[in-house]
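Data block below; observations after.
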Amino acid sequence: MNVKIETSENSMLDKFKLLIAVLVIIAGIYAYYYFDTGVSETSLPQAVRVLMVLAGTSVGILISMTSVQGQKLWQFIQGSRVEIRKVVWPTKQETTQTAIAVFVFTIVMMAFFWLLDMALLKLVSYLIG
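To convert, note that position 80 of the sequence shown is 80 in my numbering; the numbers rise steadily by one, no gaps.
Right, here's the structure in full:
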């Protein structure tokens, strides 16, 4: 029974952490617009306002990473990085050949649809008179 209570408390704490993280990010965005030249008497340069958004986002991410969901997300990211290293990426020659094939196919389809459009135009103009 204590386990369920601890899980519930942890769950509530995690929800609170995520709520605080979202509020910090929103506060950073709000500060960007609040300290704009036309909105507030205490306007700041755009570089400072951008830094406030970046700081709010960074702090929000750091707070969210302390929750269980944030830790699971970090584990997922680490696993994804391992999987990316396992991928066999195409060589430059294969990439060039594929790009040329896509380009040629695009030209062929363009010609096909142009001819189809011309044929339908002739057909419609013949039917209309």
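Think of the CB as a built atom: it goes at the ideal place given N, C-alpha and C, for glycine as much as any other residue. Remember, it's a predicted structure, so these values are computed and weren't measured experimentally.
Is residue i helix, strand or coil when you go by DSSP?
{"i": "Ser58", "result": "helix"}
{"i": "Trp114", "result": "helix"}
{"i": "Leu44", "result": "coil"}
{"i": "Asp14", "result": "helix"}
{"i": "Gly137", "result": "The requested residue 137 does not occur in the structure, where the chain is confined to residues 1 to 129."}
What does a CB cutoff of less than 6 Å around residue i pick up in its chain, not counting 5 residues either side in sequence?
{"i": "Ile20", "result": "Ile63"}
Spatial neighbours of residue i within its chain, please: C-beta separation below 8 Å, excluding the five flanking residues on both sides.
{"i": "Ile5", "result": "For Ile5, the pLDDT reaches just 48, beneath the cut-off of 50, and the residue's location in the model is therefore unreliable, although a value from the coordinates is still provided. So no residue of the chain qualifies."}
{"i": "Thr37", "result": "Ser43"}
{"i": "Val48", "result": "Phe35"}
{"i": "Leu90", "result": "Residue identity check: residue 90 is Pro in the sequence provided, not Leu. Excluding positions up to five away in sequence, the list reads Thr98."}
Spatial neighbours of residue i within its chain, please: CB distance less than 7 Å, with the 5 preceding and 5 following residues excluded, ordered by chain position.
{"i": "Val59", "result": "Val24"}
{"i": "Ser67", "result": "Asp14, Lys17, Leu18"}
State whether the segment 23-36 contacts the segment 53-63, with contact taken as three or more CB pairs (one from each stretch) at a distance under 8 Å.
yes
Whole runs of the alpha helix (DSSP H) within the segment 68-119, excluding any shorter than 4 residues
68-86
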